[in-house]
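Number 1087 marks the last residue of the sequence shown (this note's numbering); no jumps. Glycine included, C-beta positions come from ideal geometry on N, C-alpha and C. Model, not experiment: these values are computed from the prediction. Accompanying notes for the structure given below.
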Amino acid sequence: MFARNVSFHLKSNTLSDYTHTFENDILPLLRKQKGFKDEITFAGHGGIDVTAISLWENKADAEAYNTNTYPQVLKMMARFIERTPKVQTSDVVNSTFHKVAVAVAA
982 MFARNVSFHL
992 KSNTLSDYTH
1002 TFENDILPLL
1012 RKQKGFKDEI
1022 TFAGHGGIDV
1032 TAISLWENKA
1042 DAEAYNTNTY
1052 PQVLKMMARF
1062 IERTPKVQTS
1072 DVVNSTFHKV
1082 AVAVAA
(Lines of atoms letter the chains of each structure in order from A and count residues from 1; the text may use other names and numbers.)
(Lines give C-alpha, C1' and ligand atoms only; values in the text may rest on other atoms or scores of the structure.)
Protein backbone atom coordinates (compact mmCIF):
# COMPACT_ATOMS: atom_id res chain seq x y z
CA MET A 1 0.00 0.00 0.00
CA PHE A 2 1.11 3.56 -0.66
CA ALA A 3 0.26 6.87 1.04
CA ARG A 4 0.04 10.49 -0.07
CA ASN A 5 0.31 12.99 2.77
CA VAL A 6 -0.88 16.48 1.82
CA SER A 7 -0.45 19.33 4.32
CA PHE A 8 -2.02 22.72 3.77
CA HIS A 9 -3.10 25.90 5.50
CA LEU A 10 -6.77 26.90 5.23
CA LYS A 11 -7.98 30.47 5.17
CA SER A 12 -9.67 31.52 8.41
CA ASN A 13 -13.18 30.20 9.00
CA THR A 14 -13.26 27.95 5.93
CA LEU A 15 -12.95 24.48 7.51
CA SER A 16 -16.70 23.85 7.29
CA ASP A 17 -16.82 24.93 3.63
CA TYR A 18 -13.72 22.88 2.84
CA THR A 19 -15.23 19.80 4.53
CA HIS A 20 -18.49 20.21 2.62
CA THR A 21 -16.63 20.55 -0.70
CA PHE A 22 -14.41 17.60 0.11
CA GLU A 23 -17.33 15.30 0.95
CA ASN A 24 -19.53 16.35 -1.98
CA ASP A 25 -17.04 17.04 -4.79
CA ILE A 26 -13.58 15.64 -4.05
CA LEU A 27 -14.35 12.35 -2.34
CA PRO A 28 -16.53 11.15 -5.24
CA LEU A 29 -13.57 11.85 -7.58
CA LEU A 30 -11.22 9.91 -5.31
CA ARG A 31 -13.55 6.93 -5.18
CA LYS A 32 -13.44 6.71 -8.98
CA GLN A 33 -9.64 6.51 -9.03
CA LYS A 34 -8.00 3.16 -9.67
CA GLY A 35 -6.34 1.88 -6.52
CA PHE A 36 -7.88 4.40 -4.08
CA LYS A 37 -8.39 2.80 -0.65
CA ASP A 38 -9.12 5.46 1.97
CA GLU A 39 -8.79 9.10 2.97
CA ILE A 40 -8.17 10.45 6.47
CA THR A 41 -8.17 14.19 7.12
CA PHE A 42 -6.96 15.91 10.29
CA ALA A 43 -7.43 19.55 11.26
CA GLY A 44 -5.37 21.19 13.98
CA HIS A 45 -6.81 23.38 16.70
CA GLY A 46 -8.58 26.30 15.08
CA GLY A 47 -9.23 24.41 11.86
CA ILE A 48 -6.45 26.09 9.91
CA ASP A 49 -3.64 23.54 9.58
CA VAL A 50 -4.91 20.45 7.77
CA THR A 51 -3.29 17.15 6.86
CA ALA A 52 -4.99 14.78 4.42
CA ILE A 53 -3.65 11.25 4.02
CA SER A 54 -4.88 9.13 1.15
CA LEU A 55 -4.10 5.44 0.90
CA TRP A 56 -3.58 3.72 -2.43
CA GLU A 57 -3.18 0.16 -3.62
CA ASN A 58 0.27 0.99 -5.01
CA LYS A 59 2.60 3.82 -5.98
CA ALA A 60 1.60 3.73 -9.67
CA ASP A 61 -2.07 4.36 -8.83
CA ALA A 62 -1.16 7.26 -6.51
CA GLU A 63 1.09 8.78 -9.18
CA ALA A 64 -1.63 8.46 -11.82
CA TYR A 65 -4.02 10.33 -9.50
CA ASN A 66 -1.35 12.96 -8.83
CA THR A 67 -0.85 13.55 -12.55
CA ASN A 68 -4.40 13.27 -13.86
CA THR A 69 -6.85 14.27 -11.12
CA TYR A 70 -4.99 16.14 -8.36
CA PRO A 71 -4.67 19.35 -10.46
CA GLN A 72 -8.49 19.39 -10.72
CA VAL A 73 -8.77 18.87 -6.94
CA LEU A 74 -6.38 21.77 -6.32
CA LYS A 75 -8.59 24.04 -8.43
CA MET A 76 -11.65 23.04 -6.38
CA MET A 77 -9.80 23.76 -3.13
CA ALA A 78 -8.12 27.00 -4.24
CA ARG A 79 -10.73 29.23 -2.60
CA PHE A 80 -10.00 27.66 0.81
CA ILE A 81 -6.23 27.25 0.78
CA GLU A 82 -3.43 29.69 1.47
CA ARG A 83 -0.07 28.80 -0.08
CA THR A 84 0.82 25.71 -2.06
CA PRO A 85 0.02 22.38 -0.36
CA LYS A 86 2.99 20.21 0.59
CA VAL A 87 2.77 16.66 -0.79
CA GLN A 88 4.83 13.79 0.60
CA THR A 89 4.56 10.15 -0.39
CA SER A 90 5.63 6.92 1.26
CA ASP A 91 5.11 3.20 1.42
CA VAL A 92 2.72 2.05 4.13
CA VAL A 93 4.56 -0.44 6.33
CA ASN A 94 1.86 -1.04 8.92
CA SER A 95 -1.84 -0.40 9.31
CA THR A 96 -4.31 -1.83 11.80
CA PHE A 97 -7.17 -0.65 9.59
CA HIS A 98 -6.00 -2.27 6.36
CA LYS A 99 -4.19 -5.55 5.92
CA VAL A 100 -0.76 -4.60 4.69
CA ALA A 101 1.72 -7.17 3.39
CA VAL A 102 5.17 -5.66 3.26
CA ALA A 103 7.88 -7.38 1.27
CA VAL A 104 10.95 -7.91 3.43
CA ALA A 105 14.28 -7.51 1.64
CA ALA A 106 16.54 -10.51 2.18
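Neighbour-count burial assignment, residue i, 16 or more Cβ in a 10 Å radius
i: residue 1172; result: This structure does not reach residue 1172, given that the chain is present from 982 up to 1087, and the question cannot be answered.
i: residue 1052; result: exposed
i: residue 1078; result: exposed
i: residue 927; result: With the chain covering only 982 through 1087, there is no way to say anything about residue 927.
i: residue 1059; result: exposed
DSSP beta-bridge partners of residue i
i: residue 1063; result: 990
i: residue 1021; result: 1034
Proximity below 8 angstroms, CB of residue i to CB of residue j
i: residue 1036; j: residue 1018; result: yes
i: residue 983; j: residue 1045; result: no
i: residue 1010; j: residue 1068; result: no
i: residue 992; j: residue 1063; result: yes
Practice task
Only counting runs of 3 or more residues, tell me where the beta strand (DSSP E) segments fall wholly within the region 1031 to 1075, in order along the chain.
Solution key: Whole beta strand (DSSP E) segments, 3+ residues: 1062 to 1072.
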